Every structure is written in C-alpha cells, then in structure tokens.
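Peer 1: So the protein sequences, as listed, match chains A and L.
End of the first sequence sits at 522 in full-length UniProt numbering; the numbers just go up one at a time, nothing left out.
End of the second sequence sits at 522 in full-length UniProt numbering; the numbers just go up one at a time, nothing left out.
Protein chains: 2
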Amino acid sequence: MVIRLSLALGFRAPVRKGEGMTETTTREIGVTELVLRDGHQSLMATRMALEDMVDACADIDAAGYWSVECWGGATYDACIRFLNEDPWERLRTFRELLPHSRLQMLLRGQNLLGYRHYEDDVVNRFVEKSAENGMDVYRVFDALNDVRNVRQAIAAVRRADKHAQGTICYTESPLHTIEGYVQMARDLMDLGCDSLCLKDMAALLKPQAAYDIVKAIKDDLGTDVRIHVHCHATTGVTLVSLMKAIEAGADVVDTSISSISLGPGHNPTESLVEMLRGTPYSTDLDDARLLSIKDHFATVRPKYTQFMSAITGVETEIFKSQIPGGMISNMESQLRQQGAGDRLREVLLEVPRVRAVAGYPPLVTPSSQIVGTQAVFNVLMGPYKALTAEFADLMLGYYGATLGERDATIVEAARQQTGKEPITERPADLIPPEWDRLVSEATALEGCDGTDEDVLTYAMFPGVAPGFFKERPDGPKNVGKDPAEVAAERLASASGGGPVHGPIRYSVNMDGKAHSVTVERA
Amino acid sequence: MVIRLSLALGFRAPVRKGEGMTETTTREIGVTELVLRDGHQSLMATRMALEDMVDACADIDAAGYWSVECWGGATYDACIRFLNEDPWERLRTFRELLPHSRLQMLLRGQNLLGYRHYEDDVVNRFVEKSAENGMDVYRVFDALNDVRNVRQAIAAVRRADKHAQGTICYTESPLHTIEGYVQMARDLMDLGCDSLCLKDMAALLKPQAAYDIVKAIKDDLGTDVRIHVHCHATTGVTLVSLMKAIEAGADVVDTSISSISLGPGHNPTESLVEMLRGTPYSTDLDDARLLSIKDHFATVRPKYTQFMSAITGVETEIFKSQIPGGMISNMESQLRQQGAGDRLREVLLEVPRVRAVAGYPPLVTPSSQIVGTQAVFNVLMGPYKALTAEFADLMLGYYGATLGERDATIVEAARQQTGKEPITERPADLIPPEWDRLVSEATALEGCDGTDEDVLTYAMFPGVAPGFFKERPDGPKNVGKDPAEVAAERLASASGGGPVHGPIRYSVNMDGKAHSVTVERA
C-alpha cells in the first residue's frame, strides 16, 4: 500500500512535466487518528463518552486512516471511574462501527493499563482478550524505555497474530543520544515488532532531532522498518517535526481532527494533509470526511468545557522542565491542596533535578507522576526528606532499569525507608503467579460477571472495580454538559454560593449630598 | 550580520566533529516581532492600548529582533477611532522606548493607511513625516499586487534614506504561478527596494509553495536579495512553511510572542526559536527576554477578551474560500444584521466566484472587504443585482490592475451603475493635487494642531478625525477591562436582563451606620 519512492531524497520540488503541468510521484504517508483516545485524553481529561463518538465513526471509518487509536491509555480507567461505561463494551462497539479500520491501542507494557507491574500470565490474558474483542494494533511502551518490560506484551501480540508496535519514548538528557535510540530500535525489532513508534508525549521532539533519529534508524535497520511518529503539540514546533520525520522516511504519523487538537493535544489532521500538498508526500485522506468529523467534534467539544486543559496556546518553557502538559495542572492542584499554589515555578525547577537523581527516565505515565510528585514533596518538605512509595520503588529498580545510574544516597534512603532491597532483574520476574487469585477475588465481587474481561478490570483497578461492577447496570453516565446548562450553573453559583467578596466602598451622591457607602452581602 | 552559508543546501544534518561532539555552522535568521502591531490587530481587533505595551518595550528592545513591527496597518485607525490616542505620539513613544530597534510599519502603498488612493504628494508627506517621527522599515504592499501602486511610496522611503521593503501578497488562483511571483519580485527590486516580503495574510502559504517561491526568487535575482516571510497561523501549517522558506534561503521571518499568537494571528516567536535548534539555522534571540515579554502579554491578554477572535484553533477550510480569518467574523456580523446569520456557508462559496469575476485579486485590506461584501450582497439579493460602490470601482480599475481579466458583463454593469468609465492607468494619476485642500479643511477643524501629522490624520480618516481632534485633550482611553470587572459585568447583566431572581439582601454601611437593605427588580 505504501509506495516507498524518494525515501532518502528528503525535501525536493515535484517533478515537472511539460507546459506547466506538474506530475508528482508521491510517497503515501499513513495517518493514525487520535481523536477517540489521546485527543480527548489530552484535552478533556479522557472524559468523552462513547455516545459522543458514535456518530463520527462512519466518517472516521471511511476517511482513509492507517489506523484509529480508540482504546487504552487512560480511557479504560476513565470509563469505569467516571463514565460507568464498560471499556470492553466500548471496544466491541468500535469494532462494530469501524469495520474497515485498524483499531489501535496504547498499552503500558508490563503495567497494562494499570499502575503496577503484572505477572506475565495477566499480560497474556489481557492481550488475548483485547484481540478477541477487536483490537488490531498494539502500541506497547515502557515508561523507562526498559525493553524487558515490553517483551512479554509484544510476544503476546505476535501470538495473537496482531500488529505489535514497539515504542521508543523520546526524551532528552545528557545521556540520551541518537545512537542510544537506534540501539533501542534494534532491541525492539529483535523482539519481532511489526513497526516502531517514536513517541513524543511532551512535545519535546524538535525538527532536527526528529529527522536525525528517524534517519538513523532507517539507515541502520533498513528502510523497510516501519516508523510511526507520535507528537503532542504543546510547544508549537512538532508539526515541523512531523514534516522532518516524513522527509527522513517516517511511514505513519499521528494527528487529531482539528476541533479536538492543539494545546496539550496533537497537531490537527487537516493541517497535516494541507502541509503535504505539493510535496513528494501525500496522505490520501478524504477531505469531505475530515470536514464531517471536524464538525461533529466541534459540536461535542463545548460539552466538556469543565474538563478542558487550561493550556490553550503553546508552552515552550516545558523544553526546560520536560513536563508533559497534562502534568502541570496536576501539580498545580497538588500544590494548592497544600496551600502552596504559589510554588509551581520552584517545582518546575526541581523536576529536572529529581529526574537526574532517578537516572533520567523519560517522563510519561507513570514515571511523570512519580517524579513530579517527588518534586512537589521536595519543595514542600525539603529534598528527599520523605520519599513517596512509588519514588522509592523507582529508585530501587522496581519499575525497571533507567538509562542513567541512580543516585546511591537516595537509593540507600529508599532501602531504609521501605525495607526493600534494590533489584536489577525484570520486575515482573519477582511476581508470583496471580491470575487464579485475581479470578477468585474478582468473582466474589457483587456485579462481577465472571468473564476474564471483568477479572482484568479488577486486576488493573482493584479500588475502582467493585463500585463499577455494582453500578454497571445503571448504564453509561455522560459527564458532558449542555453548554447552556453550564452557563446557568455558573450564574447560579456566582449569585449564590460563589466566592465571598469583600465589602465595596462607594461614594454615593443622594439628593445632592455625598455619602460614603460600604456594601457587602449580608 | 547575516552569515549566508549553506544557502542552497536545504535541510541537512549538522556537521559532526569527533567523539559525539556536534559543531554546527549556522546561518542567522532574523525575526520581526509582530506583537505590537499585527499580533494584537489579528487577535484582539487592534484594541491594545499603548500603555499596555510600554512595560514590555525594554525587553523587546534587547531581545535581538531584526525589527519590531509596531505601527501602520489598522493601528492608526484604531488609535483615533477607539483609543483616543494620537498615532504619531504612539510612534514617538516607540522610538523612545525602543532605541536599539528597527521600527517597522505596514503601509498600503498609494492607500497609505486609509481606504482610497491618494495623490502622490500626500504619499510623500506621509512617508517623510513618519520617517521624521522615527520609522525605519516600510513594508509597502498593494492589495492587487499592482506594482504601480507601491512605486511612489517606495521612492519616498528611499529619499528618506529608510528601508524600503517591497511586498508580494501571496494568493492562489489558476493564474498565479511561481514565475509570476518571480516577475513581481523583479519589478519590485527594479524600484530600488532594500528587501522583499512574501506576505501570507490568510495563512494559505503551504510549505512546498514557500520553498519554491523563495528558492525561485533567490535563484533568479541572486542570494543577496533579502527575503522576509510573513505568515499568519490560521491554517496550522505555516510554521512548517517558515521552516521551508528558511531552507530555501529566506533571511527574516515574522512571528509574535506566544501569549499573543496562533488562531488568526501568527506563529509563536518561541516556537520558531526552538524549531531551529540543532539545525543549520539559528535566531540568536534572548530566551530570558522572550519569557519576560511572554509573561507581560499573558497578563495583558485577558483585558481584551471581549475583542478576541472567535477562532482559537486552526481553520483549514479557508484554503477553499481564501478568506482571511478576521474577515469571516466580519461577514457573519453583516449577515446577522440582515437576519441571514445562517447563510455564511453560501457566502463562503460565493467569495471565490466573486474573486474570479474580479480578475483574481489577492484578498487583503481593502480587496478582502470589497470582495467579501459583494459576496454577501450576491447571496442576499442575487448575483450582481446590486454592486457596492467599492466593488464597482474595483471592476472599473479604480484600485489598479488585477492579474486576471475582469468579467466584461459586470464591468459594464459597474459602468452603468456608476456612470464612470473603466480605466487602465495608475489610479493615482487621475487624482488632482489635494494637499493644500486637505490642509485647509483639516486646520479648520476644532482641535487640529495645524501640523502635517494632523493633516495626514484628516486625509486618511476624514470621518473620524474631527471627533478625534476634539476629544484628543481628554487623553488615551484604554478599552481593555480588568478581567474581574468583566466577570462582574457579565454577572450584573445576567442577573439584570437574565432570569428573574428574588430580592437580594445587602448590609450597607452609610456614613458609619449599618443599614439592612433589600434590592429587587422594580
């Protein structure tokens, strides 16, 4: 399907053909549409209800995307925690409504969609079940770029005869080099991956780096190694990075339809299409379908205003802190809860220091939360006066290996605080078989239907699953709100229970005489 | 100052120098900062008051910009119409606050900053006076790309020994070709321009076109012809276009500080800086200064929320209609006034047809308004049932020559409606000397101080100047509003004209004595 011409030529003018006619030999660039997963995850805290997506599916299915990312990441958690939606039902619905599309998901390797490591059998079952329910393409990553943590999931995807995509999380540090990324690409391809993803979750990937990494991987592993590039848009430069990645040979890029794009989200699908016009590359997406998809989500978007990210424009300061956009608002709320809302800048300066101490992990779920929260602790209580349990585990190797060495003093502090020993093996190797236990615990819960799918829900979200199983019969809860309703609520809260305003002083001239008047709510 | 290395090399990896060290020979790219003119013109209807800019000037002056666009365009009109600010005083203030910067303005050729053609003597006086008051760089354009209409202004700028920048308005049509743009570049350079500007006022310039045009001009006229590239951001692709223009040899690009950027505005300055890191190009702007400028305008921006453009994300449909972002909201309001708010899409489809009838003019002030309003008329009353006076003039040649032939039937209709004959000469050649008349009319007005500057104000805005001269002594009027004040007003209007609320009780302290007061709608 993909014609690989002019791969190594970089940017060049189209071929001219007599009398002003232009004939262009183009290489087709695949596009993964993100709106059904990472688009709304990044812009509206993953709150979009399935019912607000279904009407766009026919257009999405026919638009000509390489794949449709629609599951995984934080959607599973959001479904059961906020939306009373069964994530498996959502997957089956997409399978039905997108019959001609490759369904794609984001899978956190050995963490699956949860926040701890699972034993291999649980990983295998998750992949089997999701494949059975309709998943096609698995983008598998590990937050530390520890390839041992994606090995099992990738093997399971291959066994299920689905598309296994090995992921390189892009980050920058004194230790991260192009050669290092090429080595990781080699390691992932050695696992039998069908493709690679260069994942830029914080919009740090600048054009030159995008070009150099994609080029180096293609040069080293061969041009038939498929490379997908995923960028967020937060810093404003990454559409250029996609252009450069394409020039260097990237095969597929990720975008989100314009009405759910930009800010901490992604580059707009339509802009990518237009960017490539007249170049030796094209997307072959259907403009009319894109317009319908855009219009659909432009209507949906205002319903979720209350969940929208505060970042709307670009934010280039994150090149220094390297903190993904979504995390900054998280930290702000942590700080405010501690009455330290004014100390965000200190925390942003602390994050790179904590990251260095931890051996320069990429910052992506869950490492971003772990490093970010420890930075908040350091600012509020003094450096490493207290370690979070997760940060201690990170320092002790329980999340896997980092590229850099971890600070020995803090490793020792973690050892003393937790009583756990540092490890160097693959964390999952220390986990005893747990499937049977998970089955018996899950099936004992009210409302659990006894399927492997329910057991997996319990396995990944043991705190949320019991409530979800119980309330599931009530059916999906759409947390979006009619914009008119939102305006009315805001008004009511402003005139009634809003913030207390101090007294206001007026000078009032009444019947020709000046009075000093103070007014406050009684 | 600008080192022209690797000009024709396009994009390439930096030069490697042993053991992982990277040494890069870079070409310095100049940057024109737009925030003081086109930035707020595009995003907040040109309403920003001078007092909201002064505190940023020290940082702007020291940041390392090639130039600072701060005058011209719609700012002159906005100053006297909305802000009770003398535009000449604004210019002198910038001259004082930006002593190390090149001040830049946008000048509509023979139209100056008004909406009709002026006799050459008026053009000369305007350029002399603005040069005297501190202007350095004149970007001179004509809405129809009729070089005859910029000739006089460019000659005047050269006589004043200032920087004359000839402008190519970028547009697309069956008749617009790269060779045509090169020919226009040649014509402009023949006038003695110091540089050229490729002006993309509607964000239509895609990366390949940007590359091809800049490359073709440099190839034809020589690499020492300085090319500046001005793009809006509305379609989301033009930062990539700037990258490609730079690769093709562009010398200076225009951006606006991130807190006043994107949407119908421009690409963010900081994103441009980051985009170029590691490439063979660099900006040498001062990051710390940029951060201060950004923070300053991030604080100012909320004051102008009421004037903000409705377009916040990207809008790629304008590739079809070619209508600049600012104009769409204009049309919407025209249509609403006629009770036809639902017919915008019809109008957007009509615009390209009207443009074809008119010989494919670029759409930029004033041609965008002229074509847009005629499209509204056509939709509301039937095609060309009524011609606006301005559209009739456009058809008859009174704005100058267009690239394409104008529709003979409509030219005839214009002739019959107006009684005017079609012309082919330079429109200003038909205007008799008018300076003395303008002087006597202006100086007769109350409050006119008799300076040439005041006469020019009257010449360009004869309807607005009388009121302005009278009210000028009251001093500048800042139309920005404290965000808290805006919220309070919204609340007041909501509790007033909105749903009826019950009585509200206040405790009112009057001259030291407390009263319990109940207020309700009478």
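Note that beta-carbon positions come from the ideal geometry of N, C-alpha and C, so glycine has one too.
In this text, all values refer to a predicted model and were calculated from it rather than measured experimentally.
Around the Cβ of Leu-349 of chain L, are there at least 16 other Cβ atoms within 10 angstroms (buried) or fewer (exposed)?
Peer 2: Position 349 of the second sequence, counted from the first residue, corresponds to residue 349 of chain L. Leu-349 of chain L is exposed by the Cβ-count criterion.
Peer 1: Listed in chain order, which residues of the segment 189-219 of chain L have Cβ atoms closer than 9 Å to some Cβ of chain D?
Peer 2: Chain labels in this structure do not include chain D; the protein chains are A and L.
Peer 1: Under 8 Å, Cβ to Cβ, is there at least one residue of chain A near Gly-313 of chain L?
Peer 2: Start at 1 with the first residue of the second sequence, and residue 313 of chain L comes out as number 313. For Gly-313 of chain L, the answer is yes, since a Cβ of chain A falls inside 8 Å of its Cβ.
Peer 1: To the nearest angstrom, report how far apart Leu-290 of chain L and Asp-55 of chain L are at their CA atoms.
Peer 2: Taking the second sequence and counting its residues from 1, one reaches residue 290 of chain L at position 290. Taking the second sequence and counting its residues from 1, one reaches residue 55 of chain L at position 55. Between Leu-290 of chain L and Asp-55 of chain L, the C-alpha separation is close to 13 Å.
Peer 1: Where does Asp-474 of chain A land, buried or exposed, given buried means 16+ other C-beta within 10 angstroms?
Peer 2: Taking the first residue of the first sequence as 1, we reach residue 474 of chain A at position 474. The residue in question, Asp-474 of chain A, is exposed, as its Cβ has fewer than 16 Cβ neighbours within 10 Å.
Peer 1: Assuming Asp-254 of chain L and Val-229 of chain L form a contact by the criterion Cβ under 8 Å, report the distance between their Cβ atoms to the nearest whole angstrom.
Peer 2: The residue labelled residue 254 of chain L in the question sits at position 254 within the second sequence. The residue labelled residue 229 of chain L in the question sits at position 229 within the second sequence. The Cβ separation is near 7 Å, so the contact holds.
Peer 1: Give a yes or no on whether 8 Å exceeds the smallest Cβ distance from Ser-261 of chain A to chain L.
Peer 2: Counted from its first residue, the first sequence places residue 261 of chain A at position 261. Yes - at least one Cβ of chain L is within 8 Å of the one on Ser-261 of chain A.
Peer 1: Using the beta-carbon of each residue, which ones in chain A are nearer than 8 Å to Thr-279 of chain L?
Peer 2: The residue given as residue 279 of chain L occupies position 279 in the second sequence. Under the 8 Å cutoff, chain A gives Pro-207, Gln-208.
Peer 1: Put Asp-482 of chain A into one of helix, strand or coil per three-state DSSP.
Peer 2: Here residue 482 of chain A is taken as the residue at index 482 of the first sequence, counted from 1. Note: Asp-482 of chain A maps to coil in three-state DSSP.
Peer 1: Going along the chain, which residues of its own chain have a beta-carbon closer than 7 Å to the beta-carbon of Ala-74 of chain L, five neighbours each way excluded?
Peer 2: Residue 74 of chain L sits at position 74 when you count from the first residue of the second sequence. Excluding sequence neighbours, Ala-74 of chain L sits near Gln-41, Thr-46.
Peer 1: Please list, in chain order, the residues of the segment 315-344 of chain L that have any C-beta partner in chain A closer than 8 Å.
Peer 2: Going along the segment 315-344 of chain L in chain order, one finds Glu-315, Thr-316, Glu-317, Phe-319 with a Cβ nearer than 8 Å to chain A.
Peer 1: Measuring alpha carbon to alpha carbon, tell me which residue in L:Ala-298, L:Lys-420, L:Cys-79 is nearest Val-479 of chain L.
Peer 2: For this step, residue 479 of chain L is matched to residue 479 along the second sequence. Looking at the Cα atoms, L:Cys-79 is the closest of the given residues.
Peer 1: Please determine, among A:Ser-440, A:Ala-62, A:Gly-450, A:Gly-30, the residue with the shortest C-alpha to C-alpha distance to Ile-293 of chain A.
Peer 2: For this step, residue 293 of chain A is matched to residue 293 along the first sequence. Checked all of A:Ser-440, A:Ala-62, A:Gly-450, A:Gly-30; the closest Cα to Ile-293 of chain A is A:Ala-62.
Peer 1: Compile a chain-ordered list of the residues in the segment 234-266 of chain A whose CB is closer than 8 Å to at least one CB of chain L.
Peer 2: Here the close residues are Thr-235, Gly-236, Val-237, Leu-239, Val-240, Met-243, Lys-244, Glu-247, Ser-258, Ser-259, Ser-261, Leu-262.
Peer 1: Note down, in chain order, each residue of its chain lying with its Cβ closer than 7 Å to the Cβ of Ala-444 of chain L, except the 5 sequence neighbours on either side.
Peer 2: Sequence index remark: in the second sequence, residue 444 of chain L carries index 444 (1-based). Cβ neighbours of Ala-444 of chain L beyond the five flanking positions: none.
Peer 1: With DSSP run on the structure shown, which of helix, strand or coil describes Ile-80 of chain A?
Peer 2: Along the first sequence, one-based indexing puts residue 80 of chain A at 80. Ile-80 of chain A falls in the helix class under three-state DSSP.
Peer 1: Could you pull out every residue in the same chain whose Cβ sits closer than 8 Å to the Cβ of Leu-344 of chain L, ignoring the five residues on either side in sequence?
Peer 2: As a working mapping, residue 344 of chain L is identified with position 344 in the second sequence. Closer than 8 Å at Cβ, skipping near neighbours: Ile-328, Met-331, Glu-332, Leu-335.
Peer 1: Please state whether the Cβ-Cβ distance between Val-237 of chain A and Leu-239 of chain L is less than 8 Å.
Peer 2: Here residue 237 of chain A corresponds to residue number 237 of the first sequence, with the count starting at 1. Here residue 239 of chain L corresponds to residue number 239 of the second sequence, with the count starting at 1. Their beta carbons are under 8 Å apart, which means Val-237 of chain A touches Leu-239 of chain L by this criterion.
Peer 1: Restricting to runs no shorter than 4 residues, where is the alpha helix (DSSP H) found entirely within the segment 404-464 of chain L?
Peer 2: Those alpha helix (DSSP H) runs which fall completely within the segment 404-464 of chain L and span 4+ residues are 408-418, 435-443, 452-460.
Peer 1: Would the C-beta of Leu-50 of chain L count as close to the ligand COA, meaning under 7 Å from any of its heavy atoms?
Peer 2: As for the ligand COA, it is missing from this structure, which has no ligand bound.
Peer 1: What residues in its chain sit with their C-beta under 7 Å from that of Gln-417 of chain L, if we drop five residues either side in the sequence?
Peer 2: For the purposes of this step, residue 417 of chain L is taken as the residue at position 417 of the second sequence. So the qualifying residues of the chain are Leu-387, Ala-392.
Peer 1: Residues in the same chain with beta-carbon distance under 6 Å from Pro-499 of chain A, minus the five sequence neighbours each way, listed in chain order, please.
Peer 2: What you label residue 499 of chain A is simply residue 499 of the first sequence in a count that begins at 1. With a pLDDT of 39 at Pro-499 of chain A, under the threshold of 50, the modelled position of this residue cannot be trusted, and the question is left open.
Peer 1: Going by Cα to Cα distance, which pick from L:Asp-187, L:Arg-226, L:Tyr-360 is closest to Gln-322 of chain L?
Peer 2: Position 322 of the second sequence, counting from 1, holds the residue named residue 322 of chain L. Nearest of L:Asp-187, L:Arg-226, L:Tyr-360 to Gln-322 of chain L, Cα basis: L:Tyr-360.
Peer 1: Using a Cβ-Cβ cut-off of 7 Å (strictly less than) and excluding sequence neighbours within five positions of Val-225 of chain L, which residues of its own chain qualify?
Peer 2: By 1-based counting over the second sequence, the position of residue 225 of chain L is 225. Excluding residues within five positions, the ones whose Cβ falls inside 7 Å are Met-189, Leu-196, Ile-217, Lys-218.
Peer 1: Can you check the segment 358-403 of chain L for any alpha helix (DSSP H) of at least 4 residues that lies completely inside it and give the ranges in chain order?
Peer 2: Entirely contained in the segment 358-403 of chain L, the alpha helix (DSSP H) runs reaching 4 residues are, in chain order, 367-381, 389-396.
Peer 1: Which stretch, first to last residue, makes up the beta strand (DSSP E) that contains Tyr-181 of chain A?
Peer 2: Start at 1 with the first residue of the first sequence, and residue 181 of chain A comes out as number 181. No beta strand (DSSP E) holds Tyr-181 of chain A; the alpha helix (DSSP H) holding it covers 178-190.
Peer 1: Under 8 Å by Cβ, that's how I've got Leu-83 of chain A and Pro-483 of chain A pegged, so tell me the actual separation to the nearest angstrom.
Peer 2: Sequence index remark: in the first sequence, residue 83 of chain A carries index 83 (1-based). Sequence index remark: in the first sequence, residue 483 of chain A carries index 483 (1-based). Going by Cβ atoms, the distance from Leu-83 of chain A to Pro-483 of chain A rounds to 19 Å, so no, they are not a contact pair.
Peer 1: Is there a Cβ from chain A that is less than 8 Å from the Cβ of Pro-268 of chain L?
Peer 2: Counting from one through the second sequence, the residue named residue 268 of chain L turns up at place 268. It does; some Cβ of chain A falls within 8 Å.
Peer 1: Is it true that the CB of Cys-169 of chain L sits closer than 8 Å to the CB of Pro-427 of chain L?
Peer 2: To locate residue 427 of chain L, count along the second sequence from 1; it is residue 427. To locate residue 169 of chain L, count along the second sequence from 1; it is residue 169. No, the Cβ-Cβ distance between Pro-427 of chain L and Cys-169 of chain L is not below 8 Å.
Peer 1: Give the DSSP-derived three-state secondary structure of Gln-165 of chain A in the structure shown.
Peer 2: The residue given as residue 165 of chain A occupies position 165 in the first sequence. Strand.
Peer 1: Check whether the segment 109-119 of chain A touches the segment 427-436 of chain A, taking contact to mean three or more Cβ pairs, one atom from each stretch, closer than 8 Å.
Peer 2: The answer is yes - the segment 427-436 of chain A touches the segment 109-119 of chain A, with three or more Cβ pairs under 8 Å.
Peer 1: For Ser-271 of chain A, go through chain L and note every residue whose CB falls closer than 7 Å to its CB, in chain order.
Peer 2: Here residue 271 of chain A refers to the residue found at position 271 of the first sequence. Here the neighbours are Thr-235, Gly-236, Val-237, Val-314, Thr-316.
Peer 1: Going by DSSP, what residue range makes up the alpha helix (DSSP H) through Lys-477 of chain L?
Peer 2: The sequence position of residue 477 of chain L within the second sequence is 477, counting from 1. Neither: Lys-477 of chain L is in no alpha helix (DSSP H) and is coded neither H nor E.
Peer 1: Taking Cβ-Cβ distances shorter than 7 Å, what residues in chain L pair up with Glu-274 of chain A?
Peer 2: Taking the first residue of the first sequence as position 1, residue 274 of chain A is located at position 274. Here the neighbours are Lys-206, Thr-235, Val-237, Thr-316, Phe-319.
Peer 1: Helix or strand or just coil, what does DSSP make of Pro-268 of chain L?
Peer 2: For the purposes of this step, residue 268 of chain L is identified with residue 268 of the second sequence, where counting begins at 1. Reduced to three states, the DSSP call for Pro-268 of chain L is strand.
Peer 1: Tell me which same chain residues have a C-beta within less than 6 Å of the C-beta of Ala-8 of chain L, skipping the five on either side of it?
Peer 2: Translated into positions along the second sequence, residue 8 of chain L becomes position 8. Any reading at Ala-8 of chain L is ruled out, since the residue's pLDDT is 31, under 50, leaving its predicted position unreliable.
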